[in-house]
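**Q**
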Amino acid sequence: MTEDFAAVLWALGMGAWLIIRQPYRVKARKTKVVNDRRSLLERTTLGLCIVGLVAIPALHLLTGVFSFANYGWSPVQGWLGAAVMISFLVLFYLSHKHLARNWSVTLEIRQDHKLVDHGVYSRIRHPMYTSFWLWGLSQALLIPNWIAGFAGLASVALLYFSRVTKEEAMMRAQFGADYDAYCARTGRLVPRF
6 MTEDFAAVLW ALGMGAWLII RQPYRVKARK TKVVNDRRSL LERTTLGLCI
56 VGLVAIPALH LLTGVFSFAN YGWSPVQGWL GAAVMISFLV LFYLSHKHLA
106 RNWSVTLEIR QDHKLVDHGV YSRIRHPMYT SFWLWGLSQA LLIPNWIAGF
156 AGLASVALLY FSRVTKEEAM MRAQFGADYD AYCARTGRLV PRF
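Start counting at 1 in the sequence shown, then tack on 5, and there's your number in the numbering used here.
Next up, the structure:
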């Protein structure tokens, strides 16, 4: 694998991300929000996540602006990045599929919201965050640049650590003991067996 091919794979991954998310975004808009806990911090970290996962790497790949931060390339690194990218996309798709109408890009409870504990959610409470960590890792592997490659992981870390406890508190308030029992049998980011 070459660096150029790895860059194309990264771009194809971004296209697949948009294609997977779009139908769920449309469906989500049709379901009434009954509890909205969006904040300026959350909106900011979501925006920074898009900057780190999409804008900075795209800017670098299109213009070479961060070329001073390039590091040595390995084809093995590229193939590993491709495998991680595929894992990200599969988990991202399954997360959306199993959440269905319960999905929201922000901290919201929708009308008739259900506690989803089947599919990938039967073992992992936050598979969508896991997929985002994989996305950031694949970017770091596919783009051999200390800034553009690692901007995704940094932005995912910012989003995750500023949001996951708030999201779990919201779910606990909505589902009570059922959510506590769910937490006891699932891992936060990796499966609990």
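We treat Cβ as the ideally placed atom computed from N, Cα and C, and that holds for glycine. Predicted, not measured: the structure shown is a model, and the values here were computed from it.
#1: Under 8 Å, with one C-beta from each stretch per pair, do the segment 177 to 196 and the segment 94 to 108 reach the 3-pair mark?
#2: Pull up the DSSP beta-bridge partners for ILE24, would you.
#3: Under the three-state reduction of DSSP, which class applies to ILE148: helix, strand or coil?
#4: What does DSSP give as the partner residue(s) for GLY18 in the beta ladder?
#5: Just the Cα atoms here: how many angstroms apart are VAL161 and TRP140?
#6: CB TRP22 to CB PHE97, shorter than 8 Å?
#7: List the endpoints of the continuous alpha helix (DSSP H) containing PRO196.
#8: So for GLY154, helix, strand or coil by DSSP?
#9: Assuming GLY57 and ALA11 are in contact, meaning their beta carbons sit under 8 Å apart, how far apart are those beta carbons, in whole angstroms?
#10: Per the contact definition of three or more C-beta pairs closer than 8 Å, is the segment 167 to 186 in contact with the segment 119 to 138?
#11: State the CB to CB distance for the pair LEU120 and PHE180, rounded to an integer number of angstroms; the pair is presumed to be in contact (CB under 8 Å).
#12: Would TYR76 be called buried (16 or more neighbouring beta carbons within 10 Å of its own) or exposed?
#13: Using a Cβ-Cβ distance under 8 Å, would LEU85 count as near chain B?
#14: Counting only the same chain and skipping the five closest in sequence on each side, list residues whose C-beta sits under 6 Å from that of TYR126.
#15: Buried or exposed: which applies to LEU66, given that a residue is buried once 16 or more other Cβ atoms fall within 10 Å of its Cβ?
#16: For TYR165, which residues from the same chain have a beta carbon less than 8 Å from its beta carbon, with the 5 sequence-adjacent residues on both sides left out?
#17: Express the C-alpha separation of ALA182 and VAL31 in angstroms, rounding to a whole number.
**A** Inspection of the coordinates gives the following:
#1: no
#2: In DSSP, ILE24 forms no bridge with anything.
#3: coil
#4: According to DSSP, GLY18 bridges with nothing at all.
#5: 9 Å
#6: yes
#7: Neither: PRO196 is in no alpha helix (DSSP H) and is coded neither H nor E.
#8: coil
#9: Wrong, their Cβ atoms sit about 18 Å apart, outside the cutoff.
#10: yes
#11: 5 Å
#12: exposed
#13: Going by chain labels, chain B is absent from the structure shown, which holds only one protein chain.
#14: HIS103
#15: buried
#16: TYR134, PHE137 and TRP138
#17: 32 Å
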